[in-house]
Every structure is written in structure tokens, then in C-alpha cells.
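*Asks:*
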Amino acid sequence: MVGSPVLLIAIPLLAAFIIPLAGMIWKELVRIIPGLVLAYMLILSATLLAEVTQNGTIVETIAGWRAPWGINLVYSPLTGFLATLMTLLGFLVWLFSYRFKRNVDFEPAKKYFIFLMMLIAGAVGIVITGDIFNQFVFIEITGISAYALTAFYTGRNSAEAAFKYLMMGALASSFLLLAIAIIYSQLGTLNMADIAVRMHEMDPTYKVIALIFFITGIGIEAEIFPLNGWAPDAYTEAPGPIGAAFAGVAVKAGIYAVIRMVFTLFDIPAAHDFLITIGLITLIIAETTALKQEKLKRMLAYSSIGQMGLVLVAFGIGTAEGVFAALFLMLNHAVIKPLLFFSGSYLLFNSKDKQITEVDGLGKHMPYTAALFTLGSFAIVGLPPFAGFWSKLSVLTAAADEGLLLIIALILIVSVVEIVYYFRVVNRIFFQEYSKEKSVVPHQPRLNAIIAMSILAALILVIGFYPDAVTGILHNASSDLLDKGAYINDVLQTGQSLTH
Amino acid sequence: MDEQMLKILEYSIYGASVLLILVGLYAVLTKKSLIKIVIGLSIIDGGIHLLLIAIGYLKGGTAPIFSPGFEEATAKMVDPVPQALVLTAIVIGFGVTAVALSLVIRLYRHHRTLQIDEIKSLKW
Amino acid sequence: MNTIVLIFVIFLGGAILTFFAGRWKGILKEILFLASIVVPVVLFFTSVKAGDTFDFTLVGFEFQWAMSPLGYMFALIVTGLGLMAAMYAVAAMRETKNSGLFYFNFILSIMSMLGILFSRDLVSFFIFWEIMTWSSYLMVVYQGKDVQKVGIKYFVFSAVGAYAMLMAIVTIYSLTGSMMIDNLVKAFPGFDSNMQLMIPLLLLVGFGVKSAMMPLHVWAPGAYSHSPMAFTSVFSGALSKMGVYGMVIVMASLVAHIPEGHWFREVIAWLGGITAVGGTLWAIAQDDAKKLLAYSSVAQLGYIIVGVGIGTPLAMLAALFMAVMHGLFKGTLFMAVGAIEKQTGTTNFTEVTGLIRKMPWTFLASLMSIIALAGIPPLGGFIGKWMLYESLIGSDHYLLVIVIFFSSTAAFLYCYKFLFGFFLGQEEEEWSHVKEAPALMVIPMVIMAAGTFILGTFPGLIMKPINAGMEQLGFAATQGKYWEMSMLFNEWGDQVVLKPILYAIIAVFAFFLVFLLIKNNKKTRYVSTKDISTSGEVPKEHENLTFSQNFFQPFLRTVTPLMKRKIDTYYNGFGKGVEALFDFTRRIYTGNGQTYALFVIIFVVILLLLKSTLFGL
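Take a look at the structure:
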């Protein structure tokens with residue numbers, strides 16, 4: 476074994492602390508160490524996932540305190556899949572931002588990579604932990620890194636976006652603490668599996684209140700409708716690769732926390748319908764708002780929010796096909812959205828305002844980047860034979876099996892809106908004339924960026940043409956989520972079988 | 367009398383923490399100055415911490431520390447877990463407040479105002 | 004490897020290679036392009052037999068690719084037109100420096116059309132349908148004109164249609180548990196009546212968009228006229244027939260077996276009639292040849308839809324025959340317009356005129372195509388129109404006969420406008436340098452025009468595959484009942500024997516040959532077009548005697564009030580209204596951080612108040 480799950484959290488945190496020290500020895504180390512660490516994490520998580528697929532869930536206890544008293548990490552097909560996805564994206568973000576902007580020299584680069592490490596560590600931690608307070612801590616770690624990364628540039632807008640994010644994030648953590656307080660006061664335990672066992676003892680009123688507080692708290696991170704006011708600003712003002720990291724890593728962790736609550740911990744069946752409703756509202760409002768956007772990254776942010784709404788709808792359907800479709804959607808979104816953010820940030824590299832009208836005619840001057848953006852647009856809209864089509868088909872067949880025809884119609888109508896605003900940009904890039912006054916000066920991407928984007932594009936094509944390459948992992952993960960009993964057994968059996 | 371006083375004390379601590387939360391929420395939602403909002407967030411945190419500790423209280427319990435002469439006190443210890451939670455939460459809240467204040471300084475440098483409803487260049 | 008897979012692999016590989024070869028100069032790129040189309044087509048005709056299938060499973064869905072007789076008939080249109088258009092495209096794109104994207108989309112369109120015909124399961128049908136949509140979309144925006152208006156409109160309509168189809172597909176999947184079309188046809192009469200209404204409706208919307216049925220036709224004029232003419236011949240000739248293919252399957256296999264079927268048929272037939280009339284009227288008013296042909300395509304598709312809608316064997320025969328003919332003559336006409344555009348730089352009737360002597364072969368091909376379009380014997384269009392009229396009368400749709408007859412007659416107007424505007428009329432000096440189009444562009448046109456002639460005399464050649472296709476759909480054999488190799492029948496025993504017409508034409512040509520001999524006698528004197536005198540007035544050199552301007556002025560004056568309302572304006576208005584609505588709803592993100600915090604609190608409060616209804620506890 477290459478390592479154990481705890482290294483997935485420990486090593487990046489350690490690296491985050493070492494980076495400034497190493498930077499004092501040799502400046503390049505600041506950029507190199509994150510790469511090495513993320514590569515190691517990727518290999519570790521993939522190896523562990525392979526092992527988990529064969530031998531079953533790995534549960535690791537920390538500091539010798541067995542479950543349900545101590546904190547334990549659960550590396551199951553579901554969490555392992557998500558952790559591998561996040562480390563893969565983290566690695567690609569590092570690769571892309573190895574040297575991103577000319578004028579970012581040593582001091583800011585150091586901060587950037589420290590926080591990137593902490594962001595990935597926090598997100599992976601949210602996913603693999605089995606204790607709700609531990610999850611809260613990791614949510615806070617992710618949050619603080621995110622606030623700092625949003626405020627990375629020194630302009631006025633970045634500070635504004637970061638402050639709004641912080642305000643809402645602080646509210647989120649307050650609600651989470653309240654929820655944890657309620658659960659602890661009623662059940663006396665913080666361990667997720669134990670809570671799942673004892674949930675039926677809890678007073679229903681308190682149960683619902685705790686669920687509401689949890690959903691509000693996590694929902695702010697997961698960008699559910701009324702709670703996502705911070706998201707467009709943060710995605711727009713953060714550097715391009717960080718926008719990709721938010722969309723691909725942070726939000727997925729938030730969604731995971733929501734579904735872990737709804738599927739495993741709480742036993743309220745109506746919560747699934749609630750997920751469908753709130754997911755649908757998020758989807759509709761986000762996609763329609765994206766139609767009228769003038770800034771490219773803001774448009775991509777709204778599109779991201781909309782996709783997460785669709786993921787929630789798919790989770791809300793609740794059947795095995797629904798969960799499979801939701802995980803497939805998460806996988807595709809995690810691969811496609813970063814490609815859009817990456818290529819988008821190079822398309823508008825030299826622009827001050829990052830308006831969509833400035834990309835006119837760039838297709839001739841930056842053909843590869845523009846082609847990658849087009850590939851991303853085709854894929855995310857769900858056109859065959861690219862990756863997004865299979866996930867959309869899975870969602871729709873899962874919904875059809877439950878007879879939810881209205882939802883199918885709404886999803887498809889919103890997809891048409893999606894097509895309009897993505898294709899407007901693609902048209903501008905390739906089929907409008909390049910004008911010196913209106914269009915931005917093209918800036919060719921560096922080799923590392925090209926490699927990062929190409930890896931994503933290759934993944935999109937592979938998944939598109941041969942989706943069975945990933946469906947095995949996804950089926951495992953979906954059956955793992957739905958199997959509450961197995962989760963409880965795996966976790967609690969490493970402890971003594973005490974009766975309470 | 368003693369029992370009643372203790373009960374009132376218990377409930378008043380819960381009440382006080384809820385009151386704190388509401389006061390903090392009031393500050394966050396209605397006050398226009400950025401600094402007041404940050405203070406409000408801290409007050410909310412304070413209220414929640416108080417609530418957490420109050421949850422762990424055991425009637426007539428002692429501090430959860432082993433010391434010579436008190437070995438059999440385990441039965442009467444206050445629950446240590448919430449205290450650990452609160453310690454962590456205090457540190458987290460402190461970190462977030464620090465980041466928030468540094469952002470407020472930067473916002474002031476750029477916008478020359480601390481009124482939150484004038485700082486909305488990113489909208490829609 | 005399975006031949007079917009080989010066909011598609013060669014198509015796809017050829018497309019990708021040709022895309023990257025876009026900048027190569029010289030003949031290698033063109034050979035690559037032609038090979039990517041010719042080789043799979045040859046493989047298709049020689050090696051694919053009736054029972055060949057290719058099955059595989061992906062993501063839990065079963066896929067099956069096999070050729071059916073009906074598909075084979077449409078494949079003849081697709082491959083025939085595709086080969087001709089490919090030859091044409093090579094010459095047309097010779098001057099473009101980076102034509103990689105054009106070739107890529109061209110090959111992908113042909114591949115996806117063939118794929119649609121091969122699909123026996125609904126998922127691959129949908130996949131190929133979408134690939135066809137986006138590759139043709141890239142062609143529509145290829146020349147960079149009006150991309151936001153025309154291109155997006157095309158894609159939105161196609162997407163609405165495709166998503167309607169997708170909704171029907173997933174519903175079918177949940178009802179029958181399988182994606183195979185055969186299973187759907189078998190299980191359809193057993194669905195409950197809501198599903199029996201909804202599924203064909205959704206499918207017909209999807210197919211109706213592609214076959215430009217009113218009111219879903221608004222994308223067609225813009226899309227057809229803005230894509231390069233080399234592609235428009237395939238676009239209008241073959242791609243629109245994919246919609247017809249789908250409609251035929253829905254109407255004949257699904258709708259025919261349900262009690263409300265005849266409502267569907269009536270509505271579809273009347274929509275076809277309205278499309279025919281509307282398209283014709285708008286075509287007459289156009290001054291640009293591309294737009295004229297585009298509206299004319301819409302109108303011709305209207306006839307086909309009428310035939311599909313009526314649903315009797317003769318009507319279906321007529322519709323399918325007209326589909327083949329339309330591919331032939333419309334393809335030729337668009338190629339002719341492309342040739343004129345290449346040689347003169349414009350396609351506007353008021354600018355170009357008098358090309359008959361300079362581009363004789365183009366004129367010949369256009370002439371024959373126009374005659375076929377108008378439905379005059381001995382060319383093929385007559386056969387289709389005759390059968391359509393017979394079927395309308397035979398099924399008691401007398402009002403529709405009047406509508407179609409009116410539309411057909413009005414079609415003469417724009418047919419003549421096309422011929423006159425480009426080729427006849429006086430010759431101007433500015434066009435005296437124009438030469439005939441390159442051979443590679445002329446040869447396909449002439450071949451296809453000759454095709455209309457051959458099919459006009461021997462319709463049985465194509466009726467055989469059509470018959471096979473119809474038998475697959477459940478119709479009884481039509482040979483011997485409605486047609487023989489060179490004869491047509493109707494239900495009351497009348498015959499149209501075509502061979503004597505052929506002999507008559509040959510006699511006429513012999514007469515003209517004699518006339519030419521006399522003409523070329525040394526004693527004949529040639530005069531210029533301006534050597535005339537009308538009422539004693541001799542026109543000066545600068546006067547323009549071509550009256551393509553305000554052509555058909557009296558007619559246009561009559562119909563302009565009718566044409567004031569375009570369906571297009573309603574759609575545009577709807578689109579604008581929707582965008583305004585979204586502009587309003589997006590203001591929820593006010594930009595003020597406190598408002599967002601307020602939203603959070605409101606969310607929590609609402610959930611707490613509604614917790615019993617939401618969570619049931």
C-alpha cells in the first residue's frame with residue numbers, strides 16, 4: 476500500500492506549512508513542491524480507490540480512539556471516487572497555474588500555492604471524514620482558503636467578492652455549529668455512522684430543525700439557490716484556475732456533505748423531494764440568469780451553479796439510476812468546467828473587464844485555445860458524442876423511470892437556454908470579425924497550460940466515446956451511497972461492538 | 367429553592383445564548399458599516415459557543431479534569447466534548463475574523479467608505 | 004471488422020484527417036476528402052447485406068446498427084447526393100485557403116445521416132441526429148454572416164426539436180424497457196392513451212423542425228441561404244429528408260395503429276399544405292436566388308409532408324418519390340446558384356442577368372431541374388405531382404387539392420423568375436467576362452439533371468426500393484397496382500404511359516437539331532440583344548431592358564398584405580420577451596452582501612415555517 480487515507484490530508488497541510496520555508500532556500504521550490512505533493516496525492520487516492528473497489532471500504536481511526544468516540548476516515552468507493560477526482564483536478568490546476576500571470580512574482584505565488592494546498596486538503600477532508608465536527612473543521616479550512624484565494628488580486632472587486640463570500644461563509648459555519656449542537660445534545664455522538672444508527676431515537680421536531688440548519692449551512696458552500704449570492708462574484712474575481720478549483724473541487728465537497736446528510740445520517744424520506752425542488756429552482760434561476768451575462772467568467776459561474784442544481788435533482792430522484800446519473804454529472808462537470816475556465820482565462824488574458832464582447836474573432840489568432848473552449852461548450856451542453864451527453868441521458872432516463880415528466884421537460888427547456896448562451900460565445904470567437912478596438916489582444920497559452928487543458932480535453936473525448944471506462948466506478952459509488960447499512964457496519968465494526 | 371434557581375440559571379444561559387445569536391444576526395443584517403457586520407459575526411459565534419457549552423452541562427458537575435483526589439469524579443464530570451468543540455470553534459472564528467478585518471482594510475483603501483450598500487460594483 | 008463499423012470508422016477518421024489537412028495545398032487534401040466519402044459509400048453498396056447488424060452495449064443501453072429497406076431508400080438519396088456534392092465541393096472550395104473545417108463538417112454530416120438510417124435503436128438515432136445538427140450548424144455559420152441571428156435560430160429550433168425527441172425517447176425507454184425501434188412499434192398500441200398522444204406529438208415536433216414544416220420552418224430560409232452552396236445542396240436535398248424519414252416511421256408505424264390517428268394525419272396534411280402555399284408565395288417575392296430556393300425547398304417539403312400525412316399507399320409512394328426527386332433537382336439548383344456565385348460573385352437577380360450563352364451547361368442543368376420542380380412531363384417531378392394529386396382526390400381531400408394546385412401553379416412564377424433572372428434577358432457588359440464554371444462543378448449538375456430525365460421516363464427504377472421500404476412499414480406491394488417500370492396507374496384504371504412521351508421528346512429534339520443546322524447556315528445573321536425597336540424606339544446602350552427588378556409586380560401587390568405577418572416576427576418577439584424576463588429575474592443578485600445574508604435568513608425561516616409540509620414530520 477502506498478499510504479493511508481490520512482496522508483491525503485496530512486501531506487498537503489504539511490506542505491502548506493513547508494512551502495514558505497522552502498521558498499527561503501530556493502524560490503522555484505514554491506512552485507515545485509505543490510506539484511510533487513499533488514501528484515503523490517493523485518497516485519495515492521487512485522491506488523486506494525483501486526484497492527477499495529476490490530477489498531471493500533477502508534476505515535482508518537485517528538489517534539487510536541476507535542469509532543464511535545474518535546474521529547475516523549472512511550475511504551469507500553463513493554468517497555474514494557470523489558477524493559480521486561478532487562486530487563486530479565488539484566493537480567491539473569497546479570499544472571495550469573505553474574506560471575500563470577507574468578506579473579505574479581514570488582510573494583503572491585507563495586500565498587497562492589499555500590492556499591491551494593489548503594483548499595485541496597480541506598475539500599478532500601470533507602469527503603473522507605466520518606465525523607461531523609471534523610467535517611465542520613474541514614469546511615472552515617476550505618472556506619478560509621477560498622476567501623483568501625478570491626481576494627488574491629489586489630483590485631477593488633476582489634476584496635468585495637471575498638468579503639461577501641466571507642460574510643456568507645461565516646453565516647454558514649454558524650448554522651452548521653448550531654446543527655451540530657442540536658445533534659450532539661440529542662444524540663450524544665459526533666460520529667456519522669453512530670448518528671445514523673441512533674437517528675430514530677431523536678425527536679422529529681429537532682431532527683427537522685437540525686436538517687434545515689445543516690442544509691442551510693452546507694448549502695451556502697454547495698451553492699443552492701437563495702444561498703449562492705456570493706458565488707458569481709467569487710468565481711469572477713478569483714484567478715481563472717481558482718475558479719476552476721472552486722467549480723471542480725469545493726462545490727463537489729459541499730454537495731457530498733449535503734447528500735451524506737440526506738442519504739445516510741437523516742432518515743427523512745421527504746428530504747429527497749425537497750432536494751428535487753430546490754435543485755430545480757437553482758437550475759432554472761441560474762441558467763436563465765446566465766443568459767444575460769456580459770462577463771465570461773460570471774456566465775460560467777452561473778452555468779456551474781445550474782449544473783449543481785441538476786446534480787441535486789438527480790440525487791433527489793433517489794433511485795440507483797438517479798444517484799448514478801448524479802455522480803456521472805459531477806464527474807463530467809468536474810472535467811468540463813475547468814477546461815472552460817482555463818481556456819476562458821487565456822482567451823481574455825489581456826482584458827481588463829473580461830467582457831464577452833471582447834472575444835470576437837479570437838478563433839483565428841488562438842485556434843487551439845478557442846477550439847478547446849468550443850469543445851468544452853459542446854460537451855457541457857450535452858451534445859453527443861461528447862462526455863456531457865451520457866450524463867444528461869442518464870438523468871433523463873432516471874427521471875423517466877419515476878414518471879417525473881414535468882421535470883424532464885423543465886430540464887430540457889433549460890438546456891435550450893444553455894445552448895443559446897454558450898453558442899453565442901462560440902460564434903463570437905470563431906465567426907465574428909476580429910477588431911482592434913473591441914477585441915482583446917490575444918495571448919498564447921504557455922506549454923504547461925496547454926498540457927493541462929489537453930488532458931482535460933482528452934478525458935472529455937474518452938468519456939464521450941467510451942463511457943464504460945468510468946461507469947464501473949460510478950456504479951460502485953452509487954450503490955455505496957445507497958447502502959446505509961454497509962456504511963454503518965464498516966465504520967462501527969472497527970470499534971468494539973458495544974451496545975448503547 | 368436551590369433546584370429552582372439552578373433550573374432558571376440553566377434556561378437563562380440558553381436564553382442568553384439565543385439572545386446573543388439574535389443580536390449578532392441583527393447586526394449582520396441591518397448595520398451598514400462593515401466593521402459592525404464583522405463584530406456581528408463574532409457575536410453570533412459567541413452565542414453559539416455559549417450554547418454549545420451549556421449543552422454539555424451536567425447538574426452539579428465538576429470540571430472535566432483528572433486530578434489527584436478526584437479520580438472517582440468521572441461520574442460527575444461535565445461533558446468535555448463540547449468544550450473541545452468550542453475551543454476549536456473559537457480558534458476558527460478568530461481566524462475568520464482576522465481575514466475579515468484585513469479584507470475590510472483593503473475595501474476601505476479602495477472604496478474610501480465602510481458602508482456596505484455602496485460597495486456593490488459586482489452585481490446581477 | 005464488421006463492415007458497418009468500418010464504414011463509420013473511415014468516415015470519422017477521414018473527417019479528422021481532412022480537418023488537420025486543411026492547410027495543405029494541392030490535390031492531396033482533395034483526394035483525402037473524396038476518399039473519405041467514396042470509400043465508405045462503395046463499401047456500403049457492395050458489402051453491406053440485408054441481415055448485417057452491429058450490436059454493442061454502452062452505459063447499460065443496447066445499440067444496434069442495421070440497414071432496413073426504408074433506410075436503404077433514403078440512403079440512396081444521401082449517398083448519391085453526397086457523392087455529387089463532394090465532387091462539386093472540391094471545385095468550389097479550391098480557392099479557400101483553410102477549408103479543413105468545411106470538409107470536416109461535410110463528411111460528418113454525410114456520416115451522421117447514414118448513421119441515422121442505420122440506427123435500429125433510439126439512442127444511436129439521437130446521437131447521430133445531434134451530430135448531424137451540430138455539424139450542419141457549423142456549416143451555417145461557416146461564412147460568418149449574421150451568425151448570431153441565423154445560426155442561433157437554427158440551433159435553437161433544432162435543439163427544441165431534438166429535445167422533444169429526447170423526452171419522447173426516455174419516456175419510451177421507461178415504458179418499454181428497451182430502446183429498439185422495433186420494440187416500440189410492437190408495444191405502441193398497448194400504451195395508455197395519454198402516452199399514445201404525447202409520444203408521436205413530441206417525435207413529430209422533432210422531425211417537423213428538420214423537415215421545415217410550418218410553424219417550425221423559420222430557421223430554414225436563413226440557414227439554407229447562409230451556408231456555402233456546396234453544402235446547401237446536401238442540406239436541403241438530403242438533411243431535410245431525415246426529418247421526412249422520421250415522420251414516415253411515426254405516421255406509418257405508430258400513428259396508423261391508434262384510434263386518434265386520423266386527427267394526426269389531417270393536421271399533418273394540412274400543415275404540409277399551408278407550408279407549400281406559404282413557401283411558394285414567399286419564394287416569389289425574393290430577389291436573392293439563395294433565399295428563393297430556400298423558400299422553394301420549404302414549399303416542396305410541404306408537398307412531401309402532405310403525402311406523408313394522407314397516409315394511403317399511393318400518397319406515401321408519392322411522398323417518397325418526391326423526396327428522391329427533390330433531392331435531385333434541388334441539389335442541382337443549389338449547385339447552379341453556387342456556380343453562378345463563384346463565377347460572378349453575386350446571386351441577386353437584379354444584378355446578374357443574361358448568362359445563358361456564357362454558362363450553357365449550368366443553364367441546361369437548371370432548366371431541367373426547374374422543369375422537374377414545376378412538375379412538367381417528361382421529367383421526374385411530374386410523376387410525383389401526378390401521384391400526389393391522384394392520392395388527394397382518391398382520399399377525398401378536395402380542399403387540399405385546391406391548395407396544392409394553387410401552390411403548384413404559383414410555383415411556375417418563381418420557376419420562371421429563376422430562369423429569366425439569371426439566364427435570359429439582355430446581356431450586360433459587366434458580365435461579359437463570365438465563363439462557365441469549372442468542370443468538376445458542372446459534371447455533378449449535369450449528371451443529376453440527367454437523373455431527373457431518366458427517372459421521368461423510368462420511374463420504376465426508384466420505385467422498387469421505395470416499394471421495398473413501404474413493405475417494411477406494412478403497406479401492401481404497390482408494384483403492378485400503381486406503377487410499372489415505365490407506367491403509372493391510378494385507382495380507376497387510368498394509365499400514364501411514359502414511353503411515348505420519351506419518343507415524342509426525341510422527335511422534338513430531332514426537330515431542333517434540324518433547326519440548329521439551318522441556324523448555323525452561313526446565310527444567317529446574328530444580332531445583339533439591343534438591336535430591337537419597340538414602337539419605333541431604339542433603346543440606348545445604357546438602358547437596362549432586363550426587368551428582374553420588381554418582377555411580378557402585380558402579383559406581389561396582391562399578396563403583400565397577406566405576407567405582412569411572418570411567423571418569424573412572433574418567434575423573435577417571444578425570444579425578446581423571454582430575454583427581458585430573464586433580465587428582470589437576474590436582479591435578484593443585487594450585489595449587496597447584506598441582501599444575500601438576508602436571503603439566507605429568509606430561507607431558514609421559510610423552511611422552519613413549512614417544515615411539516617416539506618418534510619412530513
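Taken in sequence, the protein lines are chains A, B and C. My numbering puts the last residue of the first sequence at 975; the count rises by one with no breaks. My numbering puts the last residue of the second sequence at 490; the count rises by one with no breaks. My numbering puts the last residue of the third sequence at 620; the count rises by one with no breaks. Ideal placement from N, C-alpha and C gives every residue a C-beta, glycine not left out. Only a predicted model underlies this, so the values are computations on that prediction, with no experimental measurement involved.
1. S112/C by DSSP, collapsed to three states: which one?
2. Name, please, each residue of chain B whose Cβ falls closer than 9 Å to the Cβ of I619/A.
3. By the DSSP assignment, the beta strand (DSSP E) with M561/A in it spans what residues?
4. From L960/A to V966/A, what does the alpha carbon distance come to, in whole angstroms?
5. In this structure, does DSSP put V445/C in helix, strand or coil?
6. Using only the alpha-carbon positions, how far apart do A442/C and Y75/C sit?
7. Less than 9 Å between the C-beta atoms of E696/A and T617/A, yes or no?
8. So L480/B contacts chain A; which residues on that side make the cut at Cβ distance below 8 Å?
9. If we cut at 9 Å on Cβ distances, does T711/A have a partner in chain B?
10. Does I935/A have its Cβ less than 9 Å from a Cβ in chain C?
11. Kindly identify the DSSP beta-bridge partner or partners of N951/A.
12. Hey, E877/A and I792/A are a contact pair by Cβ (cut 8 Å); roughly how many whole angstroms apart?
13. Look at the alpha carbon of G249/C and the alpha carbon of L823/A, and state the distance between them as a whole number of angstroms.
14. Just mark G246/C as buried or exposed, buried being the case when its beta carbon has 16 or more other beta carbons within 10 Å.
15. Between T463/B and S408/B, is the Cβ-Cβ spacing less than 9 Å?
16. Using a beta-carbon distance cut-off of less than 8 Å, what residues from the stretch 578 to 593 of chain C approach chain B?
17. Please state the DSSP three-state secondary structure of T664/A.
18. What span of residues does the alpha helix (DSSP H) with M490/C cover, start to end?
19. Could you pull the start and end residues of the alpha helix (DSSP H) that T616/C belongs to?
20. In three-state terms, what does DSSP make of I484/A?
21. Can you list, in chain order, the residues of its chain whose CB lies under 6 Å from that of S479/A, leaving out five sequence neighbours each side?
22. Does any heavy atom of the ligand GDP sit closer than 8 Å to the C-beta of V724/A?
23. Could you give the DSSP three-state label for I614/A: helix, strand or coil?
24. Any C-beta of chain A within less than 7 Å: which residues of the stretch 154 to 175 of chain C qualify?
25. Look at the alpha carbon of G390/B and the alpha carbon of L417/B, and state the distance between them as a whole number of angstroms.
26. Quick check on the DSSP output: the alpha helix (DSSP H) that includes T412/C runs from which residue to which?
27. Could you tell me how far apart the beta carbons of I175/C and I202/C are, in whole angstroms, since I believe they sit closer than 8 Å?
28. Near T2/C, which residues of its chain fall below 7 Å by C-beta distance, leaving aside the five closest residues on each side in sequence?
29. M183/C by DSSP, collapsed to three states: which one?
30. Comparing C-alpha positions only, which one of M490/C, K569/C and G477/C sits nearest to V253/C?
31. What residues of chain C sit near I894/A, judged by a beta carbon separation below 9 Å?
32. May I ask which residues mark the beginning and end of the beta strand (DSSP E) holding D58/C?
33. Suppose contacts are defined by Cβ-Cβ distances below 9 Å. Is G625/C in contact with L488/B by that definition?
34. Using the beta-carbon count (16 or more within 10 Å), is V221/C buried or exposed?
35. Any beta carbon from chain F within less than 9 Å of Y659/A's own beta carbon?
36. Pick helix, strand or coil for I518/A, following the three-state DSSP scheme.
*Replies:* This is what the structure gives:
1. S112/C falls in the helix class under three-state DSSP.
2. The CB of I619/A comes closer than 9 Å to the CB of I458, G461, V462 and V465 in chain B, given here in chain order.
3. Careful: M561/A lies outside any beta strand (DSSP E), inside the alpha helix (DSSP H) at P552 to F571.
4. For clarity, residue 960/A is Gly in the given sequence; the question names Leu instead. Taking the CA atoms as reference points, G960/A sits about 10 Å from V966/A.
5. V445/C: helix per DSSP, three-state reduction.
6. A442/C and Y75/C have their C-alpha atoms roughly 30 Å apart.
7. It is a contact, given that the beta carbons lie within the stated cut-off.
8. Ordered by position in chain A, no residue passes the 8 Å Cβ test against L480/B, which lies about 11 Å from the chain.
9. Cβ-Cβ to chain B under 9 Å: yes for T711/A.
10. No, no contact with chain C.
11. Beta-bridge annotation (DSSP): N951/A is not paired with any residue.
12. Indeed, because the Cβ distance is near 6 Å, the residues count as touching under 8 Å.
13. The alpha-carbon separation between G249/C and L823/A amounts to approximately 43 Å.
14. G246/C sits buried, since 16 or more C-beta atoms from the chains shown fall within 10 Å of its C-beta.
15. Cβ distance < 9 Å, so T463/B and S408/B count as in contact.
16. Within the stretch 578 to 593 of chain C, the qualifying residues are R589, R590, Y592 and T593.
17. Coil at T664/A, not helix or strand.
18. Element bounds for M490/C: not the alpha helix (DSSP H) but the beta strand (DSSP E), M490 to F492.
19. Counted as a single uninterrupted DSSP element, the alpha helix (DSSP H) harbouring T616/C occupies residues K614 to F618.
20. I484/A: helix per DSSP, three-state reduction.
21. Sequence-distant partners of S479/A (beyond 5 residues in either direction) whose C-beta falls short of 6 Å from its own C-beta, in its chain, are E535.
22. In the structure shown, the ligand GDP is absent, as is every other ligand, since no ligand is present at all.
23. In the structure shown, I614/A sits in a helix (DSSP, three-state: H, G or I).
24. For the stretch 154 to 175 of chain C, which is checked against every Cβ of chain A, the residues closer than 7 Å are G154, I155, F158, V159, A162, V163, Y166, L169, M170, V173 and T174.
25. Roughly 14 Å separates the two Cα atoms.
26. Segment Y401 to F425, the alpha helix (DSSP H) holding T412/C.
27. Taking a contact as a CB-CB distance under 8 Å, the pair I175/C and I202/C counts as one, their CB atoms being some 6 Å apart.
28. With chain C covering 4 to 620 only, the question about residue 2/C has no answer from this structure.
29. Three-state result, M183/C: strand.
30. Nearest C-alpha to V253/C among M490/C, K569/C and G477/C: G477/C.
31. Simply I155, F158, V159 and A162.
32. Looking at the DSSP string, the run of the beta strand (DSSP E) that includes D58/C is T56 to L61.
33. Outside the shown range of chain C (4 to 620) lies residue 625/C, about which nothing can therefore be said.
34. Classification for V221/C: buried.
35. The question asks about chain F, but that chain is absent: this structure's protein chains are A, B and C.
36. In this structure, I518/A counts as helix in the three-state DSSP scheme.
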